[in-house]
Amino acid sequence: MGQHPPRRFLAGTTALVVVGALGTAFSPAQAASSTVLVSEVFGGGGNSGAPLRSDFVELYNASGTAIDLTGWSVQYWSASGTSAQTTPLTGSVPAGHHFLVQEADGANTSAAALPNADVTGRIPMSSSAGRVALVNADGATVDLVGWGNAAVAEGAPAPATSNTTSVARRSECTDTDDNASDFATGAPSPAGAAAGESSCSAVQPPAPSATTIQEIQGSSHLSPLRDQRVSGVAGVITATSRTGFWMQAPSDENDATSDAVFVYTRSAPAQSVGDAVEVAGVVTEFRPGGASGNDNLTTTQISSPKVSVTGHGQAIPAAWIGKDRIAPQQTIEAGDPKSVEYDSAVFDPARHSIDFNESLEGMKVALDDARAVGPTNARYGETPVVPGQNVSATTSPRGGVVYGGYDRPNAMRLVLDDSLIPANSIPAANVGDTYTGTTMGIMDYAFAMPHVLVTTPAGHMTTGLTRETTSAQSNNQLAVATFNVENLAPSDQQDKYDRLADQVTTNLRSPDVLALEEIQDNNGVQNDGTVDSSTTVRKLVDTIKARGGPAYGARWVNPEDGQDGGAPGGNIRQVFLFRTDRDIDFVDAGNPSATTATQVIGRGKKAALTVSPGRIDPTNPAFADSRKPLVGQFRFRGENVFVIANHFNSKGGDDPLFGRWQQPVRSSETQRHAQAQVVRTFTDQLLAADPDARIVALGDINDFEFSRTTDILVGSGANAMTDLPRTLPANERYSYVYEGNSQILDHILVSPQLTRSPKGWKGAAYSYDIVHTNSEFTDQDSDHDPQVVRLQIRPN
């Protein structure tokens, strides 16, 4: 299996984390405090990069007399917690003095110690969000601050913090009972009673002036007003969801700033599409999956809103993508090749499509005659498309956009998403189909891809795309094919077996040798130690014969339990099928086992394998938690043919193309490079034993035809293999469609001898075909297309 999209969530749902304030209103136990206040809170103590090793809570005595804190306490809750941790207080705090409560230390002992703490507790606090209360001896809450996405706060929560920032009062004598207004983030500055008197002027924070949506969005990915409270934000509601609404203002003169923003109301809003509104709240940045360890960019929103309706029945025109606004066609981000967390320093919508999409964030958009460049994912209601006009990219003969290089992705693609409308309202499409007319929606971003949340779907016109059928092999041609059958298990419906069998017999014309990837064990993903796959293989072989195909023999090597990656418990492996009616013999040798490495013995035409079927260097660290190459020796028309079936490690863990890190890091390819080198070394051993050895290396390589992985497999010089996808025209090089990119993941490579026509034959030495039967179709039987090479072993 190759790349797969992760589970989708709606922006702003409770399953996701908001970077910033989300709190609900808190009714304090008394009026705004005029005695002791919580003046600063820091929860990043001892974390990576933190300037201080300890968390702390700082208090300030704003009254004119000393306050005895005996019997008082500081209490802490997590952002959504319902039970508090408590630090008892003792001692007195003079008027105009601070009082420092030290809490838990973190692991970073090289950070500075707190200065002169007045009380020491042991509470480990969050570095980003939480709630702290100051409680007096009578059990009454004297003061409270909630920050980040705290569920409880005075008014709206104060801004979120980090390992290097605290929340501190703007004015230590001022308490308006609105944490968002009273507190700001900054470098931690703890002070205790020993620091002496600190005077302050009890002035109210200035009332915020009206803010425009364009000022909130700015010409950047992160709002220049993030974590700040705004008011008087005016716009018209263009769409609603279960958790909020999108509002848009009339366009300004700057295309780099979005004219819309999402307002997060937590539950379904009371307002409707067409309402003119004014909103006050806190500007936050929303990142699906949390603030760290996630590949997504953020979207800007207004949280903890107060909404006033000022009119009804208002309309906002859509921005027409592909007509009014045209994305850079083949450039997602053209900056420095090093990978950094993406920010506004290089913001250029005319040059980078990742910035182009940001400049339309939340806006009402329209697409005319959008073309499907990936099949509809019915499970999620998503279809990758490109605008119908002004598309200049490498287009496949069947309507897809071909990913032909790291610097040439399908950068204008968008995902049509049915999240805001009833399921199945967007007709299912195959690659090349057109959504005729106008598709209306809201520009959004989810799981590292730009999405259009459709509000008005268009019509649908199919191109009538059909599954390809290859040519049959001639009498003296050996047809060798590869096919990833996507986690085939006995528990799969018989319909999947029937359809796969039809692809083998009809579309592939019953190849002589078939290397299958992703054959699971006899009970699929049931994780009970079963490793044998005889039931799975027999069911497929029997189905092929029942559907009119030939009788196939089979060979494979059972893996060790849980050592080959894939779905836990599934124990996927490669399997050879070979026809028993076509003068094809499998040369069995040795005692195959999961950990036995086959070797090359003999010279010239007597070159052979010590173990066949055998595994190539299965204990090599390159194959840790990944499939081991399977090699078998076949004889066809009296000639030896060595077939190496591969399934290299997947692209899981790589940075996404439209993700948080630019340029994306392809971390998974390091292991594939090592795997390719092991296979290449074995190929060289065969060619050293017999320079005319007929070798076919094939399978799911999980890397592109232009990749370093493939270069290693090909090698150089007289023994260079020929990677057959590279022999095709550029617009036909694909066996897999991922997020609107048609791309190569599966390969067949052949040794030099197989590229030379046999003596007495004036025709081509081989005929190669990628047979498009799955990747472009919404009703696919696998996510990969099979491919076949017909090798001219003897003259006809």
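Numbering (the working numbering), first residue to last: 217 to 1012. No residue lacks a Cβ here, since even glycine has one placed at the ideal position from N, Cα and C.
With distance defined between alpha-carbon atoms, name the residue in the options nearest to residue i.
{"i": "R876", "options": "M937, L513, V368, F399", "result": "L513"}
{"i": "I570", "options": "Q710, Y622, I548", "result": "I548"}
{"i": "G412", "options": "V309, H963, A455", "result": "V309"}
{"i": "G604", "options": "P565, Q546, W536", "result": "W536"}
{"i": "G621", "options": "N593, N646, S923, A936", "result": "S923"}
{"i": "D552", "options": "V881, P968, A936, M656", "result": "V881"}
{"i": "Q901", "options": "T826, R972, R942", "result": "T826"}
{"i": "A320", "options": "H314, Y292, G307", "result": "Y292"}
{"i": "P829", "options": "A861, G915, K821", "result": "A861"}
{"i": "S382", "options": "G402, D870, A407, A823", "result": "G402"}
{"i": "R347", "options": "T516, S436, K978, P375", "result": "P375"}
{"i": "I518", "options": "Q546, I432, D468, V290", "result": "I432"}
{"i": "V368", "options": "D354, A486, T926, T298", "result": "T298"}
{"i": "D833", "options": "R819, T899, R798", "result": "T899"}
Mind checking whether residue i and residue j have CB atoms under 9 Å apart?
{"i": "P625", "j": "N957", "result": "yes"}
{"i": "V701", "j": "V953", "result": "no"}
{"i": "I1009", "j": "L944", "result": "no"}
{"i": "G167", "j": "E734", "result": "Residue coverage of the chain in this structure runs from 217 to 1012, which leaves residue 167 outside it and unanswerable."}
{"i": "I532", "j": "K580", "result": "yes"}
{"i": "A634", "j": "P666", "result": "Correcting the residue identity first, residue 634 is Asp in this sequence and not Ala. No, the Cβ-Cβ distance between D634 and P666 is not below 9 Å."}
{"i": "Y651", "j": "A644", "result": "no"}
{"i": "N365", "j": "P373", "result": "yes"}
{"i": "Q642", "j": "T599", "result": "A small correction: the amino acid at residue 642 is Ile; Gln does not occupy that position in the sequence shown. Against a cut-off of 9 Å, the Cβ pair of T599 and I642 comes out as a contact."}
{"i": "G1071", "j": "S809", "result": "The requested residue 1071 is not part of the displayed model; the chain covers only 217 to 1012."}
{"i": "F795", "j": "A767", "result": "Residue identity check: residue 795 is Arg in the sequence provided, not Phe. In contact: R795 and A767 (Cβ atoms closer than 9 Å)."}
{"i": "E494", "j": "T515", "result": "no"}
{"i": "T686", "j": "V1004", "result": "yes"}
{"i": "N259", "j": "S326", "result": "For the sequence presented, residue 259 should be read as Gly rather than Asn. No; because the gap between Cβ atoms is not below 9 Å, this pair is not in contact."}
{"i": "R1006", "j": "S983", "result": "yes"}
Is it right to say residue i is buried, meaning 16 or more other beta carbons lie within 10 angstroms of its own, or is it exposed?
{"i": "V446", "result": "buried"}
{"i": "N739", "result": "buried"}
{"i": "G786", "result": "buried"}
{"i": "H528", "result": "exposed"}
{"i": "R851", "result": "exposed"}
{"i": "V631", "result": "buried"}
{"i": "D649", "result": "buried"}
{"i": "R595", "result": "exposed"}
{"i": "Q887", "result": "buried"}
{"i": "S405", "result": "exposed"}
{"i": "T814", "result": "buried"}
{"i": "T473", "result": "buried"}
{"i": "N470", "result": "exposed"}
{"i": "A840", "result": "exposed"}
Grouping DSSP H, G and I as helix and E and B as strand, with all else coil, what is residue i?
{"i": "M463", "result": "strand"}
{"i": "V894", "result": "helix"}
{"i": "Y619", "result": "coil"}
{"i": "H314", "result": "strand"}
{"i": "I453", "result": "strand"}
{"i": "D758", "result": "helix"}
{"i": "L226", "result": "Residue confidence is low: L226 scores 37 on pLDDT, short of 50, so the model does not pin down where it sits. Its coordinate-derived value is still stated next. If DSSP states are grouped into helix, strand and coil, L226 belongs with coil."}
{"i": "L1007", "result": "strand"}
{"i": "K712", "result": "helix"}
{"i": "I788", "result": "coil"}
{"i": "L929", "result": "helix"}
{"i": "G820", "result": "helix"}
{"i": "F572", "result": "helix"}
{"i": "F839", "result": "helix"}
{"i": "V720", "result": "helix"}
{"i": "V701", "result": "strand"}
{"i": "H963", "result": "strand"}
{"i": "T500", "result": "strand"}
On the DSSP bridge list, what partners appear for residue i?
{"i": "K867", "result": "DSSP, once it has assigned bridges, lists no residue as partnering K867."}
{"i": "Q291", "result": "T302, A349"}
{"i": "H667", "result": "V631, D660"}
{"i": "D394", "result": "None; D394 has no bridge partner."}
{"i": "G362", "result": "R347"}
{"i": "R541", "result": "I537"}
{"i": "W772", "result": "V791"}
{"i": "D584", "result": "T654"}
{"i": "N957", "result": "Y954"}
{"i": "I283", "result": "V309"}
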